[in-house]
RNA sequence: CGGGACGUGGCGCAGUCCGGUAGCGCACUUGACUGGGGGUCAAGGGGUCGCCGGUUCAAAUCCGGCCGUCCCGACCA
């Protein structure tokens, strides 16, 4: 249900930016994968390959897609003749498989669900703009829907997509101060179009290779949501993603009460539904009220309405907000009408508070002004979080720091996230060329 | 592939050292009482103790072999 709501939210943003859905095959001929050298080197270790079918060994083995660039650009090459056929702006929702040695539920699984967008453009500038636009779409979605505000920026060479030119990413900080790469957007240049002969005739009549982008988010976002908002009681689901936004729980002692109170609960639920609230009545009579409270809080439902025998004569209801981050005084006695009419606004406030709390945590756990390895190591051995330092761009420094501290460069941050005064010194010594963000990652 | 653990009702575990009627918690079934923060009492159902072999009067327990799973590391959205 949560992933389904994520899909709906993302679909809206994809459509607004002119993309349409398609579907391409699950099995990809090995020769396709092998065509782009860096691509095959990057993905070969985690490929699952079909070697037999119909009781016979296959002449050409088929890879179960780890990502679909190759087969999609193979198809685009057949569709594109002229600059008039561009751009192609497509997205597919599907499963992919990467044979990970170590899995972790929702964060790293052998098979996962995702969307992958693949576009083809006539110019490098247009493709670059598309890659950046989609990075922005992911950021918007993460902030406005998941309340999981990321730092955005460019990936280093060692962390970029295998076969691409540049990778952009959204990196969100979890409550344990580890970073989660939640969405990536790649400028692929002409690497794939050259290998798959994706050519077009330009307005000037010349034959040119198209420029590609690809971008994706996965069910990892669900894991991110859990790690961002969860607490000791269970998960907390932001209202915009919640399959159930309000659960109504009738409370009764005797049979006569049960009928009246349940009837009222369904009435209030119907009224909430009429104003667009996703609501469920929990009228199971074999569970105690307390058991239901715990269950729905564990599942992260934002609000609960209790209707009991004492409330009926007063025409009131008890509103309880899902506790998170040590909030107190959550129970409110409200007139029925108000409990219904106020709900949309309370849901919005709940959503906004989650985002603000997550932003505050991110800022509180971002460390700036660190410019030596010892300082970085101290933070990584201790509290963790995002650490902003200078870097001279040398992969050897990146590698050495990783070995010393277990932290990696999550991104070279976009301007908005850069420190006011960019560090002048590189973490590995000498002058810095840029600022980077370090963190331990999932 | 390296290092470490563990396989016992659906789930989580004790029992293994020191062989002797297979147990506990949760969950499940039925009934009564209960019901505003994980209910109580009573009565029940459910297990080839991972597999194969050995020792023994007797094996969850001791011995040998095999199989499987998980954790830590390398790979990684």
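In our numbering, the protein residues as written are 955 to 1396. Beta carbons: idealized from backbone N, C-alpha and C, even for Gly.
**Request:** Express the C-alpha separation of residue 1207 and residue 1215 in angstroms, rounding to a whole number.
**Result:** 10 Å
**Request:** Alpha carbon to alpha carbon, how far is residue 1322 from residue 1352? Give it in angstroms, no decimals.
**Result:** 18 Å
**Asked** Just reading off the alpha helix (DSSP H) that residue 1025 is part of, what are its end residues?
**Response** 1023–1033
**Asked** Taking buried to mean at least 16 other C-beta atoms within 10 Å of its own C-beta, is residue 1397 buried or exposed?
**Response** Lying before the first or after the last residue shown, residue 1397 is absent from the chain, which here runs from 955 to 1396.
**Request:** Evaluate residue 1287 with the Cβ neighbour count: other Cβ atoms within 10 Å of its Cβ, from every protein chain shown; 16 or more gives buried, anything less gives exposed.
**Result:** exposed
**Message:** In the DSSP assignment, the beta strand (DSSP E) including residue 1105 goes from what residue to what residue?
**Reply:** 1104–1108
**Contacting residues, own chain, Cβ-Cβ under 7 Å from residue 1020 (five flanking each side not counted)** = 997, 1000, 1001, 1050, 1051 and 1052
**Asked** Is residue 977 buried or exposed, if buried means 16 or more other CB atoms sit within 10 Å of its CB?
**Response** exposed
**Asked** Got a sec? Which residues, its chain only, sit under 6 Å from residue 1324 by beta carbon, not counting five neighbours each side?
**Response** 1330, 1341 and 1343
**Prompt:** Is it true that the stretch 1087–1099 meets the stretch 1122–1131, where meeting means three or more beta-carbon pairs spaced less than 8 Å apart?
**Reply:** yes
**Prompt:** In chain order, what residues of the same chain lie with their CB nearer than 8 Å to the CB of residue 1022, ignoring the 5 residues before and after it?
**Reply:** 978, 982, 1046, 1048, 1050, 1070 and 1072
**Message:** Applying the 10 Å Cβ sphere with the 16-neighbour rule, what's the burial state of residue 1109?
**Reply:** buried
**Request:** Return the bridge partner residues of residue 1066 from the DSSP annotation.
**Result:** 1050
**Message:** Nearest by alpha-carbon distance to residue 991: which of 1134, 967, 1146 and 1025 is it?
**Reply:** 1146
**Prompt:** Which of helix, strand or coil does DSSP assign to residue 1323?
**Reply:** coil
**Item:** Alpha-carbon spacing of residue 960 relative to residue 1175, whole angstroms
**Value:** 9 Å
**For residue 967, the residue or residues it bridges with in DSSP** = Answer by DSSP bridge pairing: none, since residue 967 is not bridged.
**Message:** Using a Cβ distance threshold of 8 Å, determine whether the stretch 1363–1374 contacts the stretch 1384–1395, with at least three qualifying pairs required.
**Reply:** yes
**Prompt:** Under 7 Å between the Cβ atoms of residue 963 and residue 1060?
**Reply:** no
**Prompt:** Would you call the stretch 1235–1250 and the stretch 1152–1162 in contact, with 3 or more CB pairs under 8 Å?
**Reply:** no
**Request:** Would you list the one or two residues that DSSP bridges to residue 1289?
**Result:** 1270
**Prompt:** Based on Cα-Cα distance, which residue from 1205, 1189 and 1102 lies nearest to residue 1239?
**Reply:** 1205
**Message:** So, for residue 989: in the same chain, excluding its five sequence neighbours on each side, which residues have a beta-carbon less than 6 Å away from its beta-carbon?
**Reply:** 1149
**Asked** When you compare only the Cα positions, how much space is there between residue 1389 and residue 1260?
**Response** 52 Å
**Item:** Range covered by the alpha helix (DSSP H) that runs through residue 1094
**Value:** 1078–1098
**Asked** Under 7 Å between the Cβ atoms of residue 1200 and residue 1257?
**Response** yes
**Message:** Can you find the residues in the same chain that come closer than 8 Å, C-beta to C-beta, to residue 1279, ignoring five residues on each side of it along the sequence?
**Reply:** Below a pLDDT of 50, predicted positions are generally treated as unreliable, and residue 1279, at 47, falls in that range; the measurement from the model is reported next regardless. Result list for residue 1279: 1185 and 1311, in chain order.
**Prompt:** Going by beta carbon distance, what residues of the same chain come within less than 8 Å of residue 1338, once the five residues before and after it are set aside?
**Reply:** 1130, 1131, 1132, 1319, 1393 and 1394
**Request:** Tell me whether residue 1342 sits in a helix, a strand or coil according to DSSP, three-state version.
**Result:** strand
**Item:** Beta-ladder partner(s) of residue 1143, from DSSP
**Value:** 1166
**Asked** How many angstroms separate the CA atom of residue 1231 from the CA atom of residue 1237?
**Response** 18 Å
**Request:** For residue 1379, write down the residues that DSSP places opposite it in a beta bridge.
**Result:** 1385
**Prompt:** Who does residue 1258 pair with in a DSSP beta bridge?
**Reply:** 1201 and 1274
**Message:** Does residue 1153 come out as helix, strand or coil in the three-state DSSP assignment?
**Reply:** strand
**Prompt:** How would you label residue 969, buried or exposed, when you count the other beta carbons within 10 angstroms and need 16 or more for buried?
**Reply:** exposed
**Message:** For residue 1078 and residue 1143, what's the separation of their Cα atoms in angstroms?
**Reply:** 7 Å
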